[in-house]
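Everything below concerns the one structure shown next.
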Amino acid sequence: MQKIKGTLIPIGGNEDKGIEESEIYTLEFIDDGILFHVVEAAGGIEANIVVIPTASSIPVEVGENYLTAFSTLGCKHVEVLDIRSKEDSETEHAIELIKNADCVMLSGGDQSKITDKIGGTTIHSILMERYKNDEGFVIAGTSAGAMVMANEMIAGGSASESFIKGAVNMYKGLGLIPELIIDTHFVRRGRFGRQSEAVAKFPNLIGFGLAEDTGMIIKNGNDCTVIGSGMVIVFDGSTLTHNNEKILEEGTPMTVANLTIHVLSNGDEYDIASRKVKVLPIEAPFI
84 MQKIKGTLIP
94 IGGNEDKGIE
104 ESEIYTLEFI
114 DDGILFHVVE
124 AAGGIEANIV
134 VIPTASSIPV
144 EVGENYLTAF
154 STLGCKHVEV
164 LDIRSKEDSE
174 TEHAIELIKN
184 ADCVMLSGGD
194 QSKITDKIGG
204 TTIHSILMER
214 YKNDEGFVIA
224 GTSAGAMVMA
234 NEMIAGGSAS
244 ESFIKGAVNM
254 YKGLGLIPEL
264 IIDTHFVRRG
274 RFGRQSEAVA
284 KFPNLIGFGL
294 AEDTGMIIKN
304 GNDCTVIGSG
314 MVIVFDGSTL
324 THNNEKILEE
334 GTPMTVANLT
344 IHVLSNGDEY
354 DIASRKVKVL
364 PIEAPFI
């Protein structure tokens with residue numbers, strides 16, 4: 084299998100202004116700590132960073148938020164690529180930006196918008212090719228931008244009706260890391276049940292539930308390190324001894340036995356191929 088040279092950084096999102104539901108009050112803004120890691124992975128403040136706010140219903144405001152955030156960290160070359168249609172993904176301007184980027188940052192919002200407007204386009208092909216072959220190329224994404232990195236992508240679903248078959252809606256993502264199913268805002272929005280159902284549907288895949296202000300640096304398409312202030316819940320369905328997801332009717336409570344769960348926090352590591360955890364020693368410094 085070809086060794087992947089790029090880096091993925093999925094982030095669990097972070098609501099700026101508390102609990103308001105309206106997106107205008109919940110601009111996805113990445114804490115300096117995590118954003119610093121994104122910049123560092125891309126080569127530092129001289130890196131060419133392209134922000135894609137396609138998932139958002141307020142892309143202009145979200146783009147400006149990131150311009151401010153990256154410039155606060157001293158970044159000199161940051162550009163917003165406002166893609167609102169498949170045609171926008173085929174423009175020479177978009178293609179040149181993605182070809183020359185050191186880091187592409189996908190914002191939060193509605194992850195299916197990213198698939199619908201970028202999936203299958205020229206810039207999707209360039210992202211895939213560069214992620215596989217370019218040392219130091221970084222694709223970061225928060226919330227929706229993290230979830231779309233998977234192939235089997237969670238597109239929505241009820242937290243209140245979790246553990247009921249049909250509570251999770253699946254859709255095709257960009258397929259950057261097909262071994263994973265990624266969910267975000269994981270702890271605050273109570274998404275344990277919908278990730279459990281997603282892994283029951285695809286027990287050969289690994290579920291990552293990212294808390295807010297928490298991310299994973301994924302190198303070689305395999306080696307994961309937790310960054311940020313929260314935790315990552317890992318769901319390993321390979322140990323299941325009972326899983327009735329396939330035979331149940333929608334709306335029926337599910338039975339899933341011997342699902343392996345890990346709770347990881349800052350500095351902990353996870354190996355996707357071996358499904359093994361390496362925990363940071365208690366005396367080690369915070370990343």
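Following the working numbering, the numbering of the sequence shown begins with 84 at its first residue and continues without gaps. Cβ atoms here follow ideal geometry from the backbone N, Cα and C, with glycine treated the same way.
Among the bridge pairs identified by DSSP, F318 is matched with G290, I344. Annotation: the continuous beta strand (DSSP E) that includes E162 extends over 160 to 163. Beta-bridge annotation (DSSP): T297 is paired with G311. DSSP assignment within the region 155 to 240 yields the following whole alpha helix (DSSP H) runs of 4 residues or more, N-terminal first: 175 to 183, 194 to 201, 205 to 216, 227 to 230. One thing to note: D266 has its Cβ within 8 Å of the Cβ of I237. DSSP, read as helix, strand or coil, puts H268 in coil. Counting only the Cα atoms, E328 lies some 17 Å from A242. Within the same chain, H160, N183, A184, D185 come within 7 Å of N131 by CB-CB distance, once the 5 residues on both sides are set aside.
T322 sits exposed, since fewer than 16 C-beta atoms from the chains shown fall within 10 Å of its C-beta. Proximity of the region 272 to 279 to the region 349 to 366 falls short of the contact definition, fewer than three beta-carbon pairs being nearer than 8 Å. The beta carbon of A340 sits closer than 6 Å to the beta carbons of T324, H325 from its chain, once the five residues preceding and following it are set aside; these are given in chain order.
Listed in chain order, the non-local C-beta contacts of K169 below 7 Å within the same chain comprise K200, T204, local neighbours out to five positions each way being set aside.
Here V231 is not near A125, since their CB atoms are 8 Å or more apart.
In the structure shown, the three-state DSSP call for E366 is coil.
Pairing L259 with M299, the inter-Cα distance amounts to about 14 Å. The beta-carbon distance between E218 and K88, rounded to whole angstroms, is 5 Å. This is short enough to meet the 8 Å contact definition.
Taking the Cα positions, L288 is about 36 Å away from C158. Linking L257 to G228 through their CA atoms gives a straight-line distance of about 10 Å. Around the Cβ of V122, a 10 Å sphere holds 16 or more other Cβ atoms; the residue is buried. K284: not part of any beta strand (DSSP E); member of the alpha helix (DSSP H) spanning 275 to 284, first to last residue. Around the C-beta of H176, fewer than 16 other C-beta atoms lie within 10 Å, and the residue is accordingly described as exposed. Secondary structure at E129: coil, using DSSP grouped into helix, strand and coil. Between I128 and L156, the C-beta spacing is below 8 Å. Counted as a single uninterrupted DSSP element, the stretch harbouring E333 is not any beta strand (DSSP E), since DSSP gives it neither H nor E. Between L118 and the set L91, V133, A152, D171, the nearest pair of CA atoms involves A152. Straight through space, the alpha carbons of G304 and E280 are spaced by roughly 24 Å.
Check the Cα spacing between I370 and each of T90, K86, L91, H120: the tightest is with H120. From the listed residues S245, F285, S312, G290, the smallest Cα separation to T297 is found for S312. Just measuring C-alpha positions, the residue of I197, R213, M188, L210 sitting nearest A223 is M188.
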